[in-house]
Amino acid sequence: MEDWAEIRRLHRAEGVPIKEIARRLGVARNTVRAALASDRPPRYERARRGSVADAYELQVRALLVSWPRMPGPVVAQRIGWPYSEGPLKKLLARIRPEYVGIDPVDRVTYEPGQLAQCDLWFPAPTIPVAAGQARILPVLVIVLGFSRFLSATMIPSRQAGDILSGMWQLISGIGRVPKTLVWDRESAIGGTGRVSVPAAAFAGTVATRIRLAPPRDPEFKGMVERNNGFFETSFLPGRVFASPADFNDQLADWLVRANTRTVRAIGGCPVDLLETDRQAMTPLPPVGPQVGLTHRIRLARDYYVRIDANDYSIDPRVIGRFVDVVASPTTVEAFCDREPVARHDRSWAKHGVITDPAHVATAHQMRLALADQRRAEQRAQQGGTRRHGDGHPVALRALPDYDALFGVDFDPITSTAAEAAEASNP
Numbered sequence: 007m008e009d010w011a012e013i014r015r016l017h018r019a020e021g022v023p024i025k026e027i028a029r030r031l032g033v034a035r036n037t038v039r040a041a042l043a044s045d046r047p048p049r050y051e052r053a054r055r056g057s058v059a060d061a062y063e064l065q066v067r068a069l070l071v072s073w074p075r076m077p078g079p080v081v082a083q084r085i086g087w088p089y090s091e092g093p094l095k096k097l098l099a100r101i102r103p104e105y106v107g108i109d110p111v112d113r114v115t116y117e118p119g120q121l122a123q124c125d126l127w128f129p130a131p132t133i134p135v136a137a138g139q140a141r142i143l144p145v146l147v148i149v150l151g152f153s154r155f156l157s158a159t160m161i162p163s164r165q166a167g168d169i170l171s172g173m174w175q176l177i178s179g180i181g182r183v184p185k186t187l188v189w190d191r192e193s194a195i196g197g198t199g200r201v202s203v204p205a206a207a208f209a210g211t212v213a214t215r216i217r218l219a220p221p222r223d224p225e226f227k228g229m230v231e232r233n234n235g236f237f238e239t240s241f242l243p244g245r246v247f248a249s250p251a252d253f254n255d256q257l258a259d260w261l262v263r264a265n266t267r268t269v270r271a272i273g274g275c276p277v278d279l280l281e282t283d284r285q286a287m288t289p290l291p292p293v294g295p296q297v298g299l300t301h302r303i304r305l306a307r308d309y310y311v312r313i314d315a316n317d318y319s320i321d322p323r324v325i326g327r328f329v330d331v332v333a334s335p336t337t338v339e340a341f342c343d344r345e346p347v348a349r350h351d352r353s354w355a356k357h358g359v360i361t362d363p364a365h366v367a368t369a370h371q372m373r374l375a376l377a378d379q380r381r382a383e384q385r386a387q388q389g390g391t392r393r394h395g396d397g398h399p400v401a402l403r404a405l406p407d408y409d410a411l412f413g414v415d416f417d418p419i420t421s422t423a424a425e426a427a428e429a430s431n432p
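For the sequence shown, position 135 matches number 141 in this note's numbering, and the numbering has no gaps at all.
Shown next, in the form of structure tokens:
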């Protein structure tokens with residue numbers, strides 16, 4: 007390359023003859039003539055060697071005419087391929103596009119405030135939760151289309167209430183609402199191909215639209231998919247997490263730096279374009295949407311309700327009445343006739359029992375009061391005394407005493423026998 011450039015310089019700029027150039031550079035005169043005749047730098051190209059797959063190319067092409075997407079192992083079986091799979095894979099990669107066609111992808115541009123892509127990312131490390139348990143938990147990720155601004159948070163589950171809680175948290179953090187939220191066919195959002203009822207209610211409250219991606223088309227929301235890979239390679243390595251809260255704290259710190267990096271697609275930093283993106287969005291609603299897991303149940307005698315595979319205690323004084331339970335990612339609250347009857351920190355573990363000691367104490371007092379009431383009823387049947395409200399004793403008579411007082415001669419055994427005889431002889 008250097009000789010080619012020097013030969014052309016000497017000959018054209020300084021007018022040095024071919025023989026002198028060959029002497030100065032120590033090359034053949036034919037080499038000098040070839041360099042002057044070529045308008046491009048020399049490049050070494052090795053002649054293509056034959057491949058063992060060349061002899062099978064016609065057979066492979068005959069199969070691809072009818073089945074252009076036939077997998078490589080099936081092709082190998084059909085043509086009786088006797089070698090390793092490498093040469094056949096190279097042949098298929100070279101000729102298959104002639105039969106399946108080429109699917110070009112258009113470059114998409116987004117206007118400010120137009121769109122945000124949403125997805126669930128499942129990081130591989132298990133996160134300690136409680137009671138010695140560790141779980142793989144979902145992370146909700148939202149990427150703004152125009153500014154490429156990233157926001158994410160770990161949530162307890164992929165149920166609709168938890169996903170919507172995470173969406174509201176992230177959208178509130180942005181400060182305004184994108185006009186369109188793009189989702190894949192996540193079961194809680196649009197697993198049937200239509201937006202689910204909770205997701206539609208959320209979208210209506212915040213004045214946005216949820217658009218579902220076509221099935222099996224991850225390219226439709228390629229921005230957020232690529233950012234999931236970015237998390238895998240740039241956030242996770244070298245980190246250890248003590249809890250979901252610790253994960254979210256570390257993620258929040260990292261996102262501050264990630265949003266200040268230069269993104270080639272927009273030629274700038276997401277944080278610098280965020281305000282332009284925000285100004286074109288819809289303002290937050292005056293009243294927030296209904297989010298979280300909700301449950302309505304008639305409280306049973308054991309005064310516990312189950313939320314996300316965990317049991318939480320409720321005030322036993324409302325046993326037998328309807329209780330409304332609302333669970334956010336951090337708390338579990340219960341209401342009876344709009345009055346609070348329980349509040350717990352939410353557990354992200356599974357199969358746990360979360361008990362408020364006050365509820366246990368109340369249940370104990372209720373059982374003691376019930377036992378006193380039953381003893382009083384027994385004394386009322388057997389006779390005895392009890393205390394009046396002002397403290398003086400009041401005599402209690404047994405029920406047979408009242409029979410004798412009114413002249414009723416009642417024997418339960420003989421009375422039952424007489425009634426039976428009367429029934430048999432009408």
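Ideal Cβ placement from N, Cα and C applies to all residues, glycine included.
| message | Here's the rule: buried if 16 or more other CB atoms are within 10 angstroms of the residue's CB, otherwise exposed. What is arginine 352? | response | buried
| Which residue's Cα is closest to the Cα of tyrosine 318: Leu279, Pro363 and Val277? | Pro363
| message | Just to confirm my understanding: we take alanine 140, look at its own chain, exclude 5 residues before and 5 after, and list those with CB closer than 8 Å. What are they? | response | Thr132, Ile133 and Pro134
| Below 8 Å, can you find three or more Cβ-Cβ pairs linking the stretch 186-198 to the stretch 294-302? | no
| message | Taking the beta carbon of leucine 64 as the centre, do at least 16 other beta carbons fall within 10 Å, making it buried, or is it exposed? | response | exposed
| query | In chain order, which continuous runs of the alpha helix (DSSP H) of length 4 or greater are located wholly inside the stretch 173-231? | reply | 193-196 and 203-212
| field | CB-CB length for leucine 146 against leucine 176, believed under 8 Å | value | 7 Å
| Exposed or buried, which one is tyrosine 3 when buried takes at least 16 other CB atoms within 10 Å? | Outside the modelled stretch of the chain, which goes from 7 to 432, sits residue 3, for which no answer is possible.
| task | Pair every Cβ in the stretch 272-282 with every Cβ in the stretch 314-328, then say whether three or more of these pairs are closer than 8 Å. | result | no
| message | Going by DSSP in three states, aspartate 321 sits in which element: helix, strand or coil? | response | coil
| field | Cβ-based burial, isoleucine 108 [other Cβ within 10 Å; buried from 16] | value | exposed
| query | In chain order, what residues of the same chain lie with their CB nearer than 6 Å to the CB of alanine 59, ignoring the 5 residues before and after it? | reply | Pro93, Leu94 and Leu97
| Cα separation between arginine 49 and alanine 11? | 13 Å
| message | Let me make sure I understand the geometry here. Which of Ala251, Arg270, Gly273 and Phe237 has the alpha-carbon closest to that of tryptophan 452? | response | No answer is possible for residue 452: it lies beyond the span of the chain, which begins at 7 and ends at 432.
| Environment of isoleucine 169 [buried if 16+ CB atoms lie within 10 Å] | buried
| field | Bridge-paired residues (DSSP) for asparagine 265 | value | Beta-bridge pairing links asparagine 265 to no other residue.
| request: Look at the alpha carbon of tryptophan 73 and the alpha carbon of arginine 102, and state the distance between them as a whole number of angstroms. | output: 10 Å
| query | Taking DSSP as the reference, what is the three-state secondary structure of histidine 350? | reply | strand
| message | Assuming aspartate 283 and leucine 150 are in contact, meaning their beta carbons sit under 8 Å apart, how far apart are those beta carbons, in whole angstroms? | response | 5 Å
| request: Specify whether the stretch 286-295 and the stretch 205-214 touch according to this definition: at least 3 beta carbon pairs, one from each stretch, less than 8 Å apart. | output: yes
| request: Tell whether a beta-carbon distance below 8 Å holds between threonine 361 and proline 322. | output: no
| request: Pick out whichever of Pro335, Thr336 and Arg349 has its Cα sitting closest to the Cα of valine 329. | output: Arg349
| field | For glutamine 384 and glutamate 425, the rounded distance between their alpha carbons | value | Residue placement at glutamate 425 cannot be trusted, given a pLDDT of 49 that sits under 50; the coordinates are not used to answer.
| query | In whole angstroms, what is the alpha-carbon distance linking valine 331 and glutamine 165? | reply | 15 Å
| First through last residue of the beta strand (DSSP E) which encompasses tryptophan 127 | 122-127
| message | Nearest by alpha-carbon distance to aspartate 9: which of Gly56, Gly32 and Glu339 is it? | response | Gly32
| query | Is it the case that the Cβ atoms of glutamate 326 and leucine 305 are separated by a distance below 8 Å? | reply | One detail in the question is off: residue 326 reads as glycine in this sequence, not glutamate. Yes.
| message | For methionine 160 and asparagine 254, what's the separation of their Cα atoms in angstroms? | response | 6 Å
| said: In whole angstroms, give me the CA-to-CA distance for valine 246 and leucine 218. | reply: 35 Å
| request: Ignore the nearest five residues each way along the sequence and tell me which others in serine 44's own chain have a CB closer than 8 Å to its CB. | output: Trp10
| query | Are there 16 or more other CB atoms within 10 angstroms of the CB of asparagine 265, so buried, or fewer, so exposed? | reply | buried
| query | Tell me which same chain residues have a C-beta within less than 8 Å of the C-beta of alanine 136, skipping the five on either side of it? | reply | Ser353, Trp354, Ala355 and Gly358
| request: Find out if the Cβ-Cβ distance for the pair valine 66, valine 80 is shorter than 8 Å. | output: no
| task | Using beta-carbon positions only, say whether aspartate 125 and valine 201 come within less than 8 Å of one another. | result | no
| task | Express the C-alpha separation of glutamate 225 and threonine 336 in angstroms, rounding to a whole number. | result | 34 Å
| request: Kindly indicate the opening and closing residues of the beta strand (DSSP E) around leucine 305. | output: Careful: leucine 305 lies outside any beta strand (DSSP E) and carries neither H nor E.
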